[in-house]
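Undergrad: Before I ask anything, here is the structure I am working with.
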Amino acid sequence: AAVEVSEKDKIIHNIMTQYLPRDVDSILKQIVNHVEYTLARTKYNFDEQHAYQATAYSVRDRLIESWNDTQQYFTEKDVKRVYYLSMEFLMGRYLNNALLNLGIESQYQGALKKLGFDLDEVEHQERDPGLGNGGLGRLAACFMDSLATINYPAWGYGIRYKYGMFEQRISKEGYQIEIPDYWLTAGNPWEIERLDVKYPVRFYGEIKHNGKHYEWQGGEVVTAIAYDSPIPGYDTYNTLNLRLWSATPASEFDLDSFSRGDYYSAVASKEAAEKISSVLYPNDATEAGKELRLKQQHFFVSATLQDVVRRFKKKDRPLTELHTKVAIQLNDTHPTIGIAELMRIFMDHESMGWSAAWATTTKVFSYTNHTVLPEALERWSVDLVEKLLPRHMQIIYEINRRHLEEVVKKYPGDGDKLMRMSIIEEGFPKMVRMAVLAVVGSHHVNGVAAIHSGLVKSRLFPDFYKEQPDKFLNMTNGVTPRRWMQSANPALSEVISRWLETDEWVSNYELCRGLEQFVDSADMQREFREAKRTNKKRVAERIKKEFGVEVSTDAMFDIQVKRIHEYKRQLMNVLSIICRYNAIKRMTPAEKEECVPRVCIIGGKAAAGYVIAKHIIRLINGVSKVVNNDKDVGDLLKVFFMTNYNVTLAEDIIPANDISQHISTAGMEASGTSNMKFVMNGGLIIGTMDGANIEIREEIGNDNMFIFGLLEEEIDRARNELKYGGYQHTDSRLQEAMKQIEANKYCGKDVSEPLLKNLQPYNDYYLVTRDFSSYMDAQARVDEEYKNQTSWVKKTITSVARMGKFSSDRTIREYGEQIWNLEATPFVPSSVAYKTV
Ligand code: H53
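And the structure:
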C-alpha cells in the first residue's frame, strides 16, 4: 500500500539524507561542532580528552540515525526479535570498534590530524566500561557484535552499574588492592538517557486476592530508567540496541513521612533505591548469595519484561502469541527470576489463566548454562525469596507443584527422583534452585562447548535430559573477529587481507582457509613473523614502562590472562616457572646457549573475597621479583604480573602471544574464549583437554597444540586416589619448588602456608600435583618446537586458517536457527525513509 507522505516528512527526509556526509572535511566540521555546542569548549583550545568526546559524539550521531531507521524497520516488518538478558556486558572501548564497523576509520584519522590529534591517542582517552567480570560478560559483548553484523533483530538488556569491575592495583609488597571503578566521571558519550522510558519495580510487600486475581501491593517501589547504547554491525547499516537499566527513586513521595515532618528520612529512603544498580558483584563463576544481588536480578528482569510486553502490545494481538515475536535468552541463571515474573505479568496484570500463561512462557525462554561448578549454581533461600518477592515465591511453588505432579505420575514411588528434580531443595534452610527453574521454564537449554554440554546432560540435569533429550543442545562459544583480530591486530589483519586479496574474512572467517595454500611460502612466513614482532615490540615497550625491565622480542612470549581461580590453575603455571628458574640456575654456559628465553606474563583479577586467589597473585609477584632480579638468569626468564587485566589490556597483549596457557582441571572450564582469541592472533596453546580446547584441537590438529593432563573421565578416580593415599607425586622439581615456597623464598608464610596446604594430596582438589609432570613434559615440547622457527610459524599460519568455527558469527547463526527461530533482516533504506513514527 502506498504510504502517505506529509510535507513535514519530506522536509525532514531531505535534511537527513544530507546530514552526515562521510568526507574528511565534513567529519572535521562535525567534530568541531560538538566541541563548541555539546561540550561547550572553545574550539580554539581543547585537549585530547575533549577531542575524544567530540569525536565520540559525532560517531554517535551517525549511529543514532541508523539505530532509529533499523528499529523502525524492524517494527514495520513486525519481525521476531531476540532479547539477550545478561547481568554483564563487557563491551570494551566503543570508538575504534564503531569506526571500523562503519568503515570510516581513515576519514576520522584525517579529520583529527587536521586538528592536530592522532586518532590512536584520542582512542586511548576512552575508559573501558567494565560492566562484567570475565568470560560470560565478554561473550555477551561478542554476541551483540555478531547479532548486528548478521542483521538479526535483537536487543541486549542489562544493568547500568555505576561502579563496574574494580580497578586492580598491586601493593609494594605484591598484594592485590581493589579500587572502586567509577567509570562515569567523564560522562559516557555512547549512551542515550531515556528519561521517558521507565518502569516501576516492586520489592517486599504483600499479596492480596481481589476476587479475580492476585495483587502484589505495598513494599518498596523503585523506578528503572533506560540507557540505550547503539550497537553497530560490521559492513551493514543495521544498528542494534543495548538497553541498560539504572535505578532511581520512584517518583511518588512518601507523603506519610512528609506529614510527620520527617523530611530527611523520606529523602534518605528514596536515595536507597539507587543502590540497586550501583555496583557490579566482582565474583566470576561463584555466587555471593546476597539479597542485593537478587534485587539486582529482579530489578533488571522486571523492567525488561515490562518493556518487551509493552512493545508487543503496541500491535493489537493476544499475548498468547508472544513467542511468535519474542525469544528471550537467559545468560546463565542470573535472569531466571524472569520466568516467574512473566507468569506474574500474564496472570496478575493481563488476566491470563495458568495454562495459557505457562504454555506461552515456556515457548519464550531459553537458557544457557555456563558452568558446572557447584559453587556457581545459584540457589536462593526460600525465606529470602518469600520476603523480597512474595508473589514470585507463590508462583515458583505452583510451577514446582505441577512439575512434580508429572514426575510422580510417571515414576510413582520414586522419592529420590522427585527430590533430584524439584525446584525446591529440601533442607535447612530450604532453597530455590534457579538452574532447575530455568530448565523447567525453558524450551531449550544449552551448554557452551561440546564437552560442557555433555556434562550439562550427564551431571547437572540427567533426569531432565532423560525426559526431554531434544531440549538440550550445544552451542560452542565464539568470539568476534572484528574486535579480536581486525581492531586488536591490524598488523596481522593486513597480512591476511593481502594474501586473501580481500578483507571479507572479517565477517566470513571461513575465507581464512585460503591462507593454508601459502603455508610453505617464505614470504608469508616472514610476514606473519614480522606482524608478531610488531605486536611483541609494543608489549615489550609497555613492560619497559611499567616494570623498567628490557625484554627481547626474540624471547618466547608466554601468556596466561584470565580471572584468577583455583580451577584455572595459575598456581601450576607459577610452580613451573619456579622449576624453570631453578633449572636455569643449574645450567652450564653451553646449556644456557641452547635454552629458549621466555617472557612469562600472567594477569587477572581475584574476586575481592577470594582469599586463596589473592594469595596466588602474591606468590606470582614474589617469584617475579626474585627471578627478574637474579643476574644469573639474565634474558632467559622474565616474569611479569600485568595489573588490571581488562578488555583493553587483552586487546593489547593477546596479539603478542607465542604461546598461551589454558590449563584448567579437565571438566571445569566450561569453554574458555580467550583460547580462541590467542590462536586467531597467531599463537599456539598449551592446554588440557577441557572446554573449547578440545574443539580447537579438532579443528587445527593435534600437531599444532601442546596437550597434556588427565582427561575429564579420569578426574574422579584421580581425586579419590589422591585423597585416600593411593597416589603421591614424585616429581623432584615440584618438590624443590614447594620446599622453596615453604622456606618463604618468594612470599611470607601468611601466603605460603595456605597455598602449600592446598597442594597436599588430601587437599589437592584441582589436581595440580597430579598433572604436574605431564605439564612439564608439554612445556619441554614447547621449548623444543620453538627452536625451529619455520615449523613454528607454519603451525601458527595453519591454526589461524582453521579457526573459522570459533567466530561468534557461527555461534549466533546456530542460536538463531536452532533456538530463536530468527530471520536476518537487513535494513532496506527506501521503505522507511518517509514513514512517520
Ligand atoms: O563463561 C564463559 C566460559 C567460561 C565460564 C564463564 C562463566 C563466567 O564468566 C561467569 C559465570 C559462569 O557461570 C561462567 O567460566 O568457561 O567460556 C562464557 O561461556
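Start counting the sequence shown at 37; every next residue gets the next number (full-length UniProt numbering). All residues carry an ideal CB built from backbone N, CA and C; glycine is no exception.
1. Can you give me the Cβ contacts of N717 inside the same chain, cut-off strictly under 6 Å, excluding the 5 residues immediately before and after it?
2. Am I right that Y199 and P216 are in contact with their C-beta atoms under 8 Å? What's the rounded C-beta distance?
3. Could you name the residues of the same chain whose beta carbon sits closer than 8 Å to that of A309, not counting the 5 residues immediately before and after it, in chain order?
4. Given this structure, state the Cα-to-Cα distance separating D298 from E251, to the nearest angstrom.
5. Would you call the CB atoms of I638 and I614 closer than 9 Å?
6. Going by Cα to Cα distance, which pick from V337, T111, R329, H245 is closest to K361?
7. Pick out whichever of T407, L378, V408, H385 has its Cα sitting closest to the Cα of W394.
8. If we count the other Cβ atoms within 10 Å of its Cβ and call it buried at 16 or more, is A626 buried or exposed?
9. What separation, rounded to the nearest whole angstrom, lies between the Cα atoms of A860 and Y851?
10. Grab the span of the alpha helix (DSSP H) containing K65 for me, first residue to last.
11. Does the ligand H53 have even one heavy atom less than 8 Å from the beta-carbon of E705?
12. Assuming L167 and Y197 make a contact with CB atoms under 8 Å, what is their CB distance in whole Å?
13. Can you list, in chain order, the residues of its chain whose CB lies under 6 Å from that of V233, leaving out five sequence neighbours each side?
14. Starting from the C-beta of V68, find all residues in its chain whose C-beta is less than 7 Å away, skip the five residues before and the five after it, and write them out in chain order.
15. Might you give, ordered along the chain, the residues of its own chain that have their beta carbon closer than 6 Å to the beta carbon of Y130, omitting 5 neighbours on each side?
16. Might you give, ordered along the chain, the residues of its own chain that have their beta carbon closer than 8 Å to the beta carbon of residue 874, omitting 5 neighbours on each side?
17. So what does DSSP say about T91, is it helix, strand or coil?
18. Residue range of the alpha helix (DSSP H) that S489 falls in?
19. Helix, strand or coil for V585? Go by DSSP, reduced to three states.
20. Which partner residues does K331 have in the DSSP bridge list?
21. In angstroms with no decimal places, state the Cα-to-Cα distance between F593 and Y822.
22. I want to know whether the segment 477-491 touches the segment 702-709 - three or more CB-CB distances under 8 Å.
23. Thinking C-alpha only, which one of A134, Y273, E209, E162 is nearest T221?
24. Can you name the start and end residues of the alpha helix (DSSP H) that T724 belongs to?
25. Identify every residue that forms a DSSP beta bridge with C636.
26. Going along the chain, which residues of its own chain have a beta-carbon closer than 6 Å to the beta-carbon of Q764, five neighbours each way excluded?
27. From which residue to which residue does the beta strand (DSSP E) around D217 run?
28. In angstroms with no decimal places, state the Cα-to-Cα distance between E602 and E411.
29. DSSP three-state call for S42: helix, strand or coil?
30. Would you decide whether S529 is buried or exposed? Buried here means 16 or more other CB atoms lie within 10 Å of its CB.
31. Which same chain residues, not among the five before or five after E748, have their C-beta less than 6 Å away from its C-beta?
32. Buried or exposed: which applies to H480, given that a residue is buried once 16 or more other Cβ atoms fall within 10 Å of its Cβ?
33. Taking three-plus beta-carbon pairs below 8 Å as touching, is the segment 557-568 in contact with the segment 826-836?
34. Give every residue of the same chain whose Cβ lies closer than 7 Å to the Cβ of A591, excluding the five residues on either side of it in the sequence, and list them in chain order.
35. Taking 8 Å as the cut-off, is the beta-carbon of V536 closer than that to any non-hydrogen atom of the ligand H53?
36. A134 by DSSP, collapsed to three states: which one?
TA: Taking the geometry as given:
1. Contacts found: N525, I690, P691.
2. 5 Å
3. Cβ within range, chain order: E256, V258, T259, A283, T284, P285, A286.
4. 30 Å
5. Going by C-beta atoms, I638 is not nearer than 9 Å to I614.
6. T111
7. L378
8. exposed
9. 12 Å
10. 60-69
11. yes
12. 6 Å
13. A262
14. Result list for V68: K79, in chain order.
15. W226
16. Outside the shown range of the chain (37 to 873) lies residue 874, about which nothing can therefore be said.
17. Note: T91 maps to helix in three-state DSSP.
18. 486-491
19. coil
20. In the DSSP assignment, no residue is bridged to K331.
21. 11 Å
22. yes
23. E162
24. Careful: T724 lies outside any alpha helix (DSSP H), inside the beta strand (DSSP E) at 720-724.
25. D594, V675
26. P797
27. 212-218
28. 13 Å
29. coil
30. buried
31. Spatial neighbours of E748 in its own chain (CB-CB distance under 6 Å, excluding positions within 5 residues in sequence) are listed in chain order as A702, G703.
32. buried
33. yes
34. P633, R634, V635, D671
35. Note on identity: in this sequence residue 536 is Leu, with Val being the wrong assignment. Flag unset: Cβ of L536 not near the ligand H53.
36. If DSSP states are grouped into helix, strand and coil, A134 belongs with the helices.
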